[in-house]
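Residue numbers (this note's numbering): 1097 to 1345.
Don't be surprised by glycine CBs; every beta carbon is placed ideally from N, CA and C.
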């Protein structure tokens, strides 16, 4: 009986240790591919495990507000992590800029998109995809771009909105939309655009997409979460980000 009790206590301690060595990470959809690659090297280098959930920044924020058990949040903007910190849901002084994203106008069709984005003026274009601006910073950047070009009113009837940047990419990749504003990271692998034609939108046409990460209250005592925050500042993680077209400090 005594031996059984000791074994039971040891199991509880072991299970608690395992839980402490795993972090639940919420990741903005634009950062899905690089984060999956970073997670592999992180887990190999540290021994800690990550479980990841991807979605629109606004949608993830709503989940956290409603009690979502995330330990770390990699946002697609700076405002949302700032709000979480101000609302007591993020650990103070843990927030930092991990990457700056780039917006791109992309088509699955070779040769369709020119190097100045003039294809947006093409009357034959019927559907242009973007992520919902209220939820996704890349969608907001797309609106800012079209406004700066003086085309927003003209293009408004052609716009189709994805719930997040991943769905927006899907609209274009399946050619349900002839064009779409997506994250450069979604079409870039090892510094090369994988398919179709694209215009990297000049950063003068939209506000910088500075993306912040924050340690959430749920993860303040989680060793895996703290290790990830440190790892994202390292050269290995930054090299992956750069290979997907992100700018790092």
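How is the alpha helix (DSSP H) around residue i delimited, first residue to last?
i	result
residue 1263	1261–1269
residue 1182	1175–1182
What is the residue span of the beta strand (DSSP E) that residue i lies within?
i	result
residue 1193	1192–1197
residue 1141	Taken as a continuous stretch (DSSP letters only), residue 1141 belongs to no beta strand (DSSP E), being part of the alpha helix (DSSP H) at 1128–1142.
residue 1245	From DSSP, residue 1245 is part of no beta strand (DSSP E); its letter is neither H nor E.
residue 1147	1145–1151
residue 1336	Per DSSP, residue 1336 belongs to no beta strand (DSSP E); it is in the alpha helix (DSSP H), 1331–1339.
residue 1224	1224–1227
residue 1256	1255–1258
residue 1276	1275–1279
residue 1221	Neither: residue 1221 is in no beta strand (DSSP E) and is coded neither H nor E.
I'd like to confirm the pairing. Which residues does DSSP put opposite residue i in its beta bridges?
i	result
residue 1208	Residue 1208 pairs with nothing; no bridge assigned.
residue 1168	1121 and 1311
residue 1288	1285
residue 1319	Bridge partners of residue 1319: none, in fact.
residue 1306	1196
residue 1294	1202
residue 1186	1312
residue 1343	1196
For residue i, which residues of its own chain have a beta-carbon under 7 Å away from its beta-carbon, when the five flanking residues on both sides are left out?
i	result
residue 1131	1123, 1148 and 1170
residue 1238	1199, 1226 and 1277
residue 1273	1223, 1224, 1225, 1256 and 1267
residue 1287	1339
residue 1296	1198, 1200 and 1280
residue 1254	1221, 1222, 1223 and 1224
residue 1330	none
residue 1206	1292 and 1293
residue 1345	1193
Do the CB positions of residue i and residue j come within less than 7 Å of each other?
i	j	result
residue 1242	residue 1251	yes
residue 1327	residue 1333	yes
residue 1316	residue 1187	yes
residue 1177	residue 1120	no
residue 1321	residue 1142	no
residue 1271	residue 1204	yes
residue 1185	residue 1313	yes
residue 1325	residue 1343	no
residue 1146	residue 1221	no
residue 1281	residue 1341	yes
residue 1244	residue 1301	yes
residue 1191	residue 1181	yes
residue 1260	residue 1163	no
Got a sec? Which residues, its chain only, sit under 6 Å from residue i by beta carbon, not counting five neighbours each side?
i	result
residue 1107	The predicted position of residue 1107 is uncertain, since its pLDDT is 40 and thus under 50; no value can be drawn from it.
residue 1172	1124, 1126, 1153, 1233 and 1307
residue 1134	1333 and 1336
Leaving out five residues before and five after residue i in sequence, what residues of the same chain have Cβ atoms less than 8 Å from its Cβ?
i	result
residue 1104	With a pLDDT of 42 at residue 1104, under the threshold of 50, the modelled position of this residue cannot be trusted, and the question is left open.
residue 1102	Low local confidence applies: a pLDDT of 40 at residue 1102 is under 50, so the model's placement there is unreliable, with the coordinate-based value given in what follows. So no residue of the chain qualifies.
residue 1140	none
residue 1240	1301, 1302 and 1303
Notebook entry, point to check: Taking three-plus beta-carbon pairs below 8 Å as touching, is the stretch 1297–1307 in contact with the stretch 1188–1198?
Noted result: yes
Next item on the list: Take every Cβ of the stretch 1284–1292, pair it with every Cβ of the stretch 1214–1233, and state whether three or more of those distances are shorter than 8 Å.
Entry: no
Check: Is the stretch 1262–1270 in contact with the stretch 1209–1226, if contact means three or more CB pairs nearer than 8 Å?
Finding: yes
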